[in-house]
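A short write-up of the structure that comes next.
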Amino acid sequence: EDEEKISLTDITTSQSIGFDRIELYKQRMSNQREDIINFDIESLKELQYNKNDDDTFTFRSYHGDSGLDKPQSQALGRQRGVDVIKELMTICLEHETTAPIENLAIELNSFKFSQNASYSDCTMATMLGILEKMKVTTSMKAGKLVAALKSKLQYWGPLLQKMSIGLDEEKSIIKALEHAATCGGDLGSTLSSQPNFRFILQTLHDKEIINEEAILSWAAERRSEPSDNIFSKLFNQQPTQDFLEWLEEDDSDESDDDDSDKDTGNESES
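Under my numbering, the first residue of the sequence shown is numbered 61, with each subsequent residue one higher.
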């Protein structure tokens, strides 16, 4: 859109060696400010979860790392109308696994910077891409589903780990999983069938893609939300609750052990 406001002659000239781009840069920044000022506020009123007429999932429900469960304003520096999650996922789906994973990391990172996206956007899109590549069918039971995920993680796991620079990125992986489980179709139907969601979540934990802190933080958010939230039924499945209870007990035991070690150290110093 900016290129429409800057003449082809200016663009060609700017690519010449020795050209001073300061004035062209100022014009481009002015155009971006104008786009932000003219942003259609009505677009913020879309629901965070939508299905198409044929009951298939639409990616308009994804809103980046600032909160998937609520709409957000136009991101500064992002091209208007660009669905970053969908575009990042498309990059993943079109990537050939015969090529080094580093090539994909460079491509995702380039798009991330071009649209002022986040690593949470990247981890969410990558997880969605992995689930899509698993070719899930309604006949797949938990064991086959877990085996398919483990197979994909051999290639994709290091990328998810590299992009997960903090808690938010790991939580976005979980939220990608629960969004996929509530999107309908074969994928949604299979992931939401007990105990499949729990075993996929547990596999991601076992393979060190997401840690206990991220899972328990996500769980705390879900418990604080109204019971009619679209994800509540999935979250409250007994197998998922059993897994969360086990994690909480394990986390509590580790905390007790740490306190005990500190007390022993203090006694030794005395």
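Positions of the beta carbon are idealized from the N, C-alpha and C atoms, including for glycine.
Asked, Found
"Distance between Leu227 and Gln221 (C-alpha atoms, nearest Å)", "12 Å"
"Selection from Leu276, Glu238, Gln214, Lys204 that minimises the alpha carbon distance to Ser252", "Glu238"
"Arg140 versus Phe295, Gln262, Ser170, Ser174, residue with shortest Cα-Cα distance", "Ser174"
"Distance between beta carbons of Val206 and Thr263, contact taken as under 8 Å", "5 Å"
"Segment contact, 8 Å Cβ cut-off, at least three pairs: the stretch 166 to 182 with the stretch 194 to 214", "no"
"N-terminal and C-terminal residue of the alpha helix (DSSP H) that Glu186 is part of", "A quick correction: the sequence has Thr, not Glu, at residue 186. Run containing Thr186: 179 to 193, per the alpha helix (DSSP H) assignment."
"Identity of the residue in Asp246, Ala274, Ser287, Lys212 nearest Glu156 by Cα", "Lys212"
"Three-pair Cβ contact test at 8 Å for the stretch 269 to 277 versus the stretch 291 to 299", "no"
"Where Arg282 falls: helix, strand or coil (DSSP)", "helix"
"Where Val144 falls: helix, strand or coil (DSSP)", "helix"
"Beta-carbon gap between Ile233 and Trp216 smaller than 8 Å", "no"
"Backbone CA spacing between Val196 and Lys231 [nearest angstrom]", "22 Å"
"Exposure of Pro160, with buried meaning 16 or more beta-carbon neighbours within 10 Å", "exposed"
"Assigned secondary structure, Ser103 (DSSP; H/G/I helix, E/B strand, else coil)", "For Ser103, the predicted structure reports a pLDDT of 38, less than 50, and the residue's modelled location is therefore unreliable. A value from the coordinates is still provided. If DSSP states are grouped into helix, strand and coil, Ser103 belongs with the helices."
"Asp266, DSSP secondary structure in three states", "helix"
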